[in-house]
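Residue 1206 is where the sequence shown starts when you use the numbering used here, and the numbers rise one by one after that. C-beta: ideal position from N, C-alpha, C; glycine also. These figures come from a predicted structure and were not determined experimentally. One structure below.
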Amino acid sequence: MADPARILLPFDDELIAVPEAGEVLYIRPPAFLPQGFTAFPHIVCEQGFKPFSDRLTQDNLTVVAEASGEFPVVLLALTRSRAENMANFARACRMVSQDGQVVVSGDKTDGVDSMLKAVKKVYEVDGVLSKSHGKVFWLTPNAPAPAEWEAAVKPKQNAFGYLTAPGMFSPEKIDVGSEMLTAYFDKSIKGPVADIGSGWGYLAKNVLEKCDRLTSLDLFEAEYAALEASKANITDERAAFHWADVTTLEKPAEPYHTVICNPPFHQGRTADPAIGISFITAAARIMKPSGQFLMVANRQLPYEAAMDMHFKSWEILEQDRAFKIIRARRPLKRQA
1206 MADPARILLP
1216 FDDELIAVPE
1226 AGEVLYIRPP
1236 AFLPQGFTAF
1246 PHIVCEQGFK
1256 PFSDRLTQDN
1266 LTVVAEASGE
1276 FPVVLLALTR
1286 SRAENMANFA
1296 RACRMVSQDG
1306 QVVVSGDKTD
1316 GVDSMLKAVK
1326 KVYEVDGVLS
1336 KSHGKVFWLT
1346 PNAPAPAEWE
1356 AAVKPKQNAF
1366 GYLTAPGMFS
1376 PEKIDVGSEM
1386 LTAYFDKSIK
1396 GPVADIGSGW
1406 GYLAKNVLEK
1416 CDRLTSLDLF
1426 EAEYAALEAS
1436 KANITDERAA
1446 FHWADVTTLE
1456 KPAEPYHTVI
1466 CNPPFHQGRT
1476 ADPAIGISFI
1486 TAAARIMKPS
1496 GQFLMVANRQ
1506 LPYEAAMDMH
1516 FKSWEILEQD
1526 RAFKIIRARR
1536 PLKRQA
């Protein structure tokens, strides 16, 4: 969200009263809340993205992955997923108290205009304000939202038999790059293994099925909903699931023989190689000195310098017009 203070406009303009008591729920808040939030008596933040959750917790806020209960005011920040936004709005209407307000803020690029149009077909909207290439609108629902709005993000099996939901990475089809990477899951993979940025579990399920010398697999995923889906997709007892910010992982007591990864490459709509580089750094940090790192990446992303910085040797195993498969070996000692 380009302007995290935009959601406060109706309170600043005294169009909505700040509740004198009770908890205010904020669904999908940014990592940092603006100063104006100090006017609220108590805020519960529902944030399923672990890096943001950790940052909010550091500010002594109450943070949960899934909220429940009743709140006099529910705030909602939009994401890039229309289905997730409509479902979160429906949940907000379900959790707001009688005569309470739901306040929605989003950028135009997040689809705030189309969402406002959809909401107006069902509810009377109390007000709309525009600021910073986006809008904030609010209403007093006093009735449930259409059931299909919330049902749209209920996890369901895709055509390949995996439980997924809108808003997750590649929920409807197998990512081509991930499928390419699985061709290199062979007998060289053994002992303890980590899948960093594991999503809903495609790579993890394949490495478990193909590599019988693998003794344990730790899945690390930042999005809570995707991690929960992976628990349904993977029943192998060798697997353990961790809701985690991969970039903050510390070297474990037993480092990993192999780390596999299809790292995210954007937060928002702009490609950011720094995210993938932070995953490369984390992989080197958690590996055995004799370990290997197997990664797929978009071909144009510049990860080669990071490989030189963190590994003694690395090679491109395969590449096409879209993707490259990289194997790196022997993390440099600076990772210890």
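- Contact between F1257 and A1236 holds, since their C-beta atoms are separated by about 4 Å, short of 8 Å.
- A contact is defined here as three or more CB-CB pairs under 8 Å, and the segment 1489-1503 meets this definition with respect to the segment 1525-1539.
- Secondary structure of F1425 (DSSP, three-state): strand.
- Taking each of S1337, V1358, I1379, F1242 in turn and checking the Cα distance to A1288, the smallest one comes out for V1358.
- When the five nearest sequence neighbours on each side are left out, the beta carbons in the same chain lying within less than 7 Å of the beta carbon of M1385 are those of V1501, E1523, F1528, I1530, in order along the chain.
- Shown here, M1512 sits in a helix according to DSSP, grouped into three states.
- The C-alpha of M1300 is placed about 6 Å away from the C-alpha of G1274.
- By the Cβ criterion, the segment 1386-1393 is not in contact with the segment 1210-1228, since fewer than three pairs of Cβ atoms, one from each stretch, lie closer than 8 Å.
- Between the segment 1391-1403 and the segment 1411-1424, the count of C-beta pairs closer than 8 Å reaches three or more; the two stretches touch.
- Between A1487 and L1454, the gap from beta carbon to beta carbon is short of 8 Å.
- In the DSSP assignment, E1384 falls within the unbroken alpha helix (DSSP H) covering 1381-1387.
- A1476 sits exposed, since fewer than 16 C-beta atoms from the chains shown fall within 10 Å of its C-beta.
- According to the DSSP secondary-structure assignment, A1533 is paired through a beta bridge with F1498, W1519.
- For G1305, the enclosing beta strand (DSSP E) stretches over residues 1301-1312.
- Rounded to whole angstroms, the separation of the alpha carbons of A1295 and K1410 is 33 Å.
- Proximity of the segment 1303-1316 to the segment 1358-1378 falls short of the contact definition, fewer than three beta-carbon pairs being nearer than 8 Å.
- Take the alpha-carbon of G1253 and the one of D1513: they are about 34 Å apart.
- Between the alpha carbons of F1484 and L1261 lies a distance of about 22 Å.
- In the DSSP assignment, P1397 falls within the beta strand (DSSP E) that extends over 1396-1401.
- Bridge partners of E1251 according to DSSP: I1232, V1269.
- Residues of the same chain with a CB within less than 7 Å of the CB of D1331, apart from the 5 flanking positions on each side, are W1343, L1344, T1345 in chain order.
- Around the beta carbon of R1211, a 10 Å sphere encloses 16 or more other beta carbons of the protein chains shown; the residue is thus reported as buried.
- DSSP lists no bridge partner for Y1328.
- Exclusion of the five residues before and after P1351 leaves A1295, V1327 as the residues of its chain whose Cβ lies within less than 8 Å of its Cβ.
- If only complete runs of 4 or more residues are kept, the segment 1410-1467 shows the alpha helix (DSSP H) at 1429-1438, in order along the chain.
- Collapsing the DSSP output to three states places M1373 in coil.
- For L1506, there is no enclosing alpha helix (DSSP H), as DSSP gives it neither H nor E.
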